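Trainee:
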Amino acid sequence: MFSFIFQDIDYGDISDRQRLRKELHCRNFSWLLSTHADHKFVYHKDVFGYGSLCNPSQPHYCLLRDPNVPEYRKLLTALLHIPGPISSSRWANMFALTRTGLLRKDWICVRLRRIHPYWVFSNHMVDLFECPNDYEEPEERQWWLEWQKDQSRRIKAAQLVSPLSGAQAVRTTAHRNAHFRWAYDERNGKLINAETGECLDSIAGFAPLPKPCIDGLPSQEWRFSHTVTGSGNTIVSILHVALATAPRKLLLSSCNCPQGHQISAAKEDSESIFRAETKLANISPLTLLKMLIFVS
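Structure (C-alpha cells):
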C-alpha cells in the first residue's frame, strides 16, 4: 500500500523470508485489507492519483498536514500549509484524489469553507476535516462518480478549443457535501471545487487558498507523484469529443448506426462542443469509429 515510500531503502537480502512465505502459502497484504479491513482507505484504489501533491513551479512545495496543529484526530480539523523543501514521499504529505472527488488523507479530507461561517460575503479557505460519512453509501458514490465523469467530458471538450482552458467548463453543484468535492483537470493540473468552481491556489505561500481559476496560472497547477492509468473509457471519451467536433452534420444511418441519432457540427465554443458530445454517451466505441471514418 505504501511501497512507494520505501522504494529507495536498502532492506538487504530477504530471499529466506520469501522462500518461507512461499512454503507457507502466505497471502498478500491486499488480501488482509479486503478480507478483514475493507473499511480501510487504500491510497491507490479507485483514485486519479496518490502520493505527494505538489506544485511543479515551486519544487518540493507540497500539500501537507500542518504538524504544528496538536491532536488533530480529536479536533477533526487541521490546517494545510505549503512548507519549504521537504521529501516528496513521506506520510505527512501523502494524499489521494478519489474517483468521487474526495481529496483524502486517510480518514480526513480537504474541504472548502468560509473563514467566517455566518457571513455570506466572507472569503473561502481550505482545511482538513473528517470525510463525509456518505462517501461509502452506494447511491451517493454513484451520484458523484457520474458528476466527475460529466466534468471530465466538459473539461476535455473545452480543451479542444483552448488547451489551457477547462476549469471554467466545470459545472458547480449544491449537492450534499459539495464543498468536500474536487474535479481534476488532468491536463493542466487544476483542482476545482464542486461547490464554488474555484481552483486551489498556492500563491499565498504557506496557506493554499481557493481562488478564481485562471488559465495557465502556475500557482494553480498540482501534480501527484503517482497517477493511475485510465481505463478504456478514456479512449471512448476521446472518441466522443472528437466526433462532437466533426466539421459538418453527420447522419448515423450512413454507417448503419441507430436510427434517430444525428450530430450537429460543434461551434467554436465549449458549450456547443459539450452539447454535441453528450449525445454520444451511449454509443459503442465500434460505432464511434465507424462514424469518424465517415466524417469528411
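Numbering (my numbering), first residue to last: 935 to 1230.
C-beta: ideal position from N, C-alpha, C; glycine also.
What you are looking at is a predicted structure, and each value in this text was computed from that prediction instead of being measured.
1. Skipping 5 residues on each side, what residues in its chain have a beta carbon closer than 6 Å to that of LYS1124?
2. Taking the beta carbon of HIS884 as the centre, do at least 16 other beta carbons fall within 10 Å, making it buried, or is it exposed?
3. Based on the DSSP output, what are the partners of THR1161 in its beta bridges?
4. Following the continuous beta strand (DSSP E) through ARG1048, name the residue where it begins and the one where it ends.
5. Going by the DSSP bridge assignment, what does TRP1078 pair with across the sheet?
6. If you measure between the beta carbons of ARG1115 and ARG1088, is that distance less than 8 Å?
7. Exposed or buried, ASP1119, counting other C-beta atoms within 10 Å across all chains shown (16 or more means buried)?
8. By a C-beta neighbour count over all protein chains shown, 10 Å radius and 16 as the cutoff for buried, is TYR945 buried or exposed?
9. Start and end of the beta strand (DSSP E) containing ASP1061?
10. When the Cα of ILE1126 is compared with those of ALA1141, SER991, PRO1146 and ASN1111, which residue comes out closest?
11. Hey, quick one: how far does the alpha helix (DSSP H) through ASP950 stretch, first residue to last?
12. Is LEU1113 buried or exposed, if buried means 16 or more other CB atoms sit within 10 Å of its CB?
13. Could you check what DSSP says for PHE975 in three-state terms: helix, strand or coil?
14. Across the stretch 1089-1099 and the stretch 1038-1052, are there enough close Cβ pairs to call them in contact, namely three or more that are closer than 8 Å?
15. Leaving aside the five residues before and after ALA1117 along the sequence, list all residues of the same chain whose C-beta is less than 7 Å from its C-beta, in chain order.
16. According to the neighbour-count rule (16 or more other Cβ atoms, all chains shown, within 10 Å of its Cβ), is CYS996 buried or exposed?
17. Exposed or buried, PRO1144, counting other C-beta atoms within 10 Å across all chains shown (16 or more means buried)?
Mentor: Straight from the coordinates:
1. ALA1101, CYS1133 and GLN1154
2. The first residue shown for the chain is 935 and the last is 1230, placing residue 884 beyond what the model contains.
3. GLY983
4. 1042-1048
5. For TRP1078, which the question treats as bridged, DSSP gives no partner whatsoever.
6. no
7. buried
8. exposed
9. 1058-1064
10. PRO1146
11. 949-957
12. Correcting the residue identity first, residue 1113 is His in this sequence and not Leu. Burial call: buried.
13. coil
14. no
15. GLY1035, GLN1082, GLN1085, VAL1104, ILE1126 and ALA1128
16. buried
17. buried
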